[in-house]
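Trainee: Please find one structure pasted underneath; my questions will follow.
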Amino acid sequence: QMQLVESGGGLVQPGGSLRLSCEASGISVGNVVMGWSRQIPGKEREWVALLTRSSNPNYADSVKGRFTISRDNAKNTVYLQMNSLKPEDTAVYYCFIQFPGIPFWGQGTQVTVSS
(Lines of atoms letter the chains of each structure in order from A and count residues from 1; the text may use other names and numbers.)
(Lines give C-alpha, C1' and ligand atoms only; values in the text may rest on other atoms or scores of the structure.)
Protein backbone atom coordinates (compact mmCIF):
# COMPACT_ATOMS: atom_id res chain seq x y z
CA GLN A 1 0.00 0.00 0.00
CA MET A 2 1.39 3.34 -1.05
CA GLN A 3 1.72 6.09 1.56
CA LEU A 4 3.35 9.50 1.96
CA VAL A 5 3.97 10.92 5.43
CA GLU A 6 5.05 14.55 5.80
CA SER A 7 6.79 16.00 8.85
CA GLY A 8 8.84 19.01 9.86
CA GLY A 9 6.21 21.72 9.85
CA GLY A 10 5.80 24.21 12.67
CA LEU A 11 5.95 27.83 13.72
CA VAL A 12 8.90 29.93 12.56
CA GLN A 13 9.68 33.64 12.57
CA PRO A 14 9.98 35.59 9.30
CA GLY A 15 13.43 35.08 7.82
CA GLY A 16 13.76 31.68 9.46
CA SER A 17 14.13 28.20 7.98
CA LEU A 18 12.37 24.86 8.10
CA ARG A 19 13.00 21.52 6.43
CA LEU A 20 10.01 19.41 5.51
CA SER A 21 10.35 15.66 5.03
CA CYS A 22 8.15 13.30 3.05
CA GLU A 23 8.76 9.63 3.74
CA ALA A 24 7.31 7.25 1.17
CA SER A 25 6.29 3.63 1.53
CA GLY A 26 5.01 1.23 -1.08
CA ILE A 27 6.93 3.02 -3.83
CA SER A 28 10.51 4.14 -4.49
CA VAL A 29 10.91 7.91 -4.61
CA GLY A 30 13.78 7.57 -7.08
CA ASN A 31 11.48 6.03 -9.68
CA VAL A 32 8.79 8.73 -9.80
CA VAL A 33 8.34 12.46 -10.18
CA MET A 34 7.70 13.98 -6.76
CA GLY A 35 6.88 17.43 -5.52
CA TRP A 36 5.44 19.75 -2.93
CA SER A 37 2.34 21.91 -3.03
CA ARG A 38 0.75 24.18 -0.45
CA GLN A 39 -2.73 25.38 0.38
CA ILE A 40 -4.12 28.28 2.36
CA PRO A 41 -7.68 27.80 3.67
CA GLY A 42 -10.17 29.10 1.15
CA LYS A 43 -7.66 29.12 -1.69
CA GLU A 44 -6.66 26.61 -4.36
CA ARG A 45 -3.69 24.35 -3.81
CA GLU A 46 -0.53 25.93 -5.24
CA TRP A 47 2.34 24.00 -6.78
CA VAL A 48 5.67 24.84 -5.10
CA ALA A 49 8.40 22.50 -6.29
CA LEU A 50 8.92 19.42 -8.46
CA LEU A 51 11.77 16.93 -8.74
CA THR A 52 12.08 14.78 -11.85
CA ARG A 53 13.35 11.21 -11.89
CA SER A 54 16.67 12.56 -13.17
CA SER A 55 16.75 14.94 -10.16
CA ASN A 56 16.09 18.11 -12.11
CA PRO A 57 14.25 20.57 -9.83
CA ASN A 58 11.58 23.04 -10.82
CA TYR A 59 10.21 25.81 -8.62
CA ALA A 60 7.33 28.23 -8.56
CA ASP A 61 8.47 31.82 -9.02
CA SER A 62 7.23 32.67 -5.52
CA VAL A 63 9.79 30.35 -3.88
CA LYS A 64 12.65 30.31 -6.40
CA GLY A 65 15.97 31.05 -4.70
CA ARG A 66 14.56 30.33 -1.23
CA PHE A 67 13.31 26.73 -1.36
CA THR A 68 15.24 23.61 -2.36
CA ILE A 69 13.74 20.21 -3.14
CA SER A 70 15.90 17.12 -2.80
CA ARG A 71 15.67 13.36 -2.48
CA ASP A 72 17.44 10.65 -0.46
CA ASN A 73 16.82 7.35 -2.20
CA ALA A 74 18.36 5.32 0.65
CA LYS A 75 15.84 6.81 3.09
CA ASN A 76 13.08 6.84 0.47
CA THR A 77 12.41 10.44 1.47
CA VAL A 78 11.92 13.75 -0.33
CA TYR A 79 12.78 17.02 1.40
CA LEU A 80 11.84 20.66 1.03
CA GLN A 81 14.38 23.04 2.55
CA MET A 82 12.72 26.42 3.08
CA ASN A 83 14.87 29.46 3.82
CA SER A 84 14.11 33.16 4.19
CA LEU A 85 10.53 32.32 5.07
CA LYS A 86 7.85 34.98 4.73
CA PRO A 87 4.41 35.28 6.32
CA GLU A 88 2.87 34.57 2.92
CA ASP A 89 4.51 31.13 2.99
CA THR A 90 2.08 30.15 5.75
CA ALA A 91 0.06 27.17 4.51
CA VAL A 92 -0.45 23.44 4.77
CA TYR A 93 2.28 21.80 2.72
CA TYR A 94 1.56 18.58 0.86
CA CYS A 95 3.97 16.12 -0.65
CA PHE A 96 2.80 14.39 -3.83
CA ILE A 97 3.72 11.83 -6.45
CA GLN A 98 3.00 13.03 -9.97
CA PHE A 99 1.38 10.15 -11.79
CA PRO A 100 0.07 10.80 -15.32
CA GLY A 101 -3.14 12.75 -14.87
CA ILE A 102 -3.67 12.30 -11.13
CA PRO A 103 -1.27 13.09 -8.27
CA PHE A 104 -1.10 11.02 -5.09
CA TRP A 105 -1.06 13.17 -1.95
CA GLY A 106 0.25 12.96 1.57
CA GLN A 107 -1.78 14.21 4.54
CA GLY A 108 -0.01 17.58 4.82
CA THR A 109 1.96 19.47 7.44
CA GLN A 110 1.24 22.97 8.72
CA VAL A 111 3.83 25.72 8.29
CA THR A 112 3.18 29.03 10.05
CA VAL A 113 5.49 32.01 9.55
CA SER A 114 4.78 34.66 12.15
CA SER A 115 6.51 36.87 14.66
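For reference, each letter of the sequence shown is one residue, going 14 to 128 in this note's numbering.
Using N, Cα and C, we set each Cβ at its ideal position, and we do this for glycine too.
If you're wondering where the values come from, they're calculated on a predicted model, not measured in any experiment.
(1) So, with DSSP's three-state summary, where would you put Glu59?
(2) Classify Gly114 as helix, strand or coil using the three-state DSSP reduction.
(3) To the nearest angstrom, how far is it from the Cα of Leu24 to the Cα of Thr122?
(4) Can you tell me whether Pro54 is helix, strand or coil according to DSSP?
(5) Classify Gly55: buried if its beta carbon has 16 or more other beta carbons within 10 angstroms, exposed otherwise.
Mentor: Answer, in terms of the structure:
(1) Strand.
(2) In the structure shown, Gly114 sits in coil (DSSP, three-state: anything other than H, G, I, E or B).
(3) Between the alpha carbons of Leu24 and Thr122 lies a gap of roughly 11 Å.
(4) Here Pro54 carries a coil assignment [DSSP, helix/strand/coil].
(5) By the neighbour-count rule (16 or more Cβ atoms within 10 Å), Gly55 is not buried but exposed.
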